[in-house]
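J.: For reference, the structure I am asking about is given below.
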């Protein structure tokens with residue numbers, strides 16, 4: 015995310031032209047990856063606009079996501095959409 019910002023901007027522009035739907039840049043921490051961060055583009059070609067920040071199926075409501083009624087400690091929809 016902090017490296018190659020010009021490349022990321024170029025890729026975003028290309029994806030916005032190619033995918034007429036939704037385009038969003040996302041990143042995740044990968045400690046073994048150079049700089050510790052890897053980025054990727056989420057793209058939707060057609061259909062209604064996609065809000066990639068709001069999960070369609072929140073993890074808290076998925077059957078089997080929690081055991082014995084306990085909340086998930088380190089992962090939830092709020093963390094997922096950061």
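In our numbering, the protein residues as written are 15 to 96. Note that CB positions come from ideal geometry on N, CA and C, so glycine has one too.
How is the beta strand (DSSP E) around residue 52 delimited, first residue to last?
T.: 51–57
J.: What does the alpha-carbon distance come out to for the pair residue 58 and residue 70?
T.: 15 Å
J.: Following the continuous alpha helix (DSSP H) through residue 27, name the residue where it begins and the one where it ends.
T.: 19–32
J.: To the nearest whole angstrom, what separates the beta carbons of residue 40 and residue 61, a pair I think is in contact under 8 Å?
T.: With a Cβ gap of about 19 Å, residue 40 and residue 61 do not count as contacting.
J.: Skipping 5 residues on each side, what residues in its chain have a beta carbon closer than 8 Å to that of residue 37?
T.: 26, 29, 30, 55, 56, 57 and 58
J.: In terms of residue numbering, what span does the beta strand (DSSP E) encompassing residue 39 cover?
T.: 37–43
J.: If you compare alpha carbons, which of 18, 17, 22 and 34 is closest to residue 63?
T.: 34
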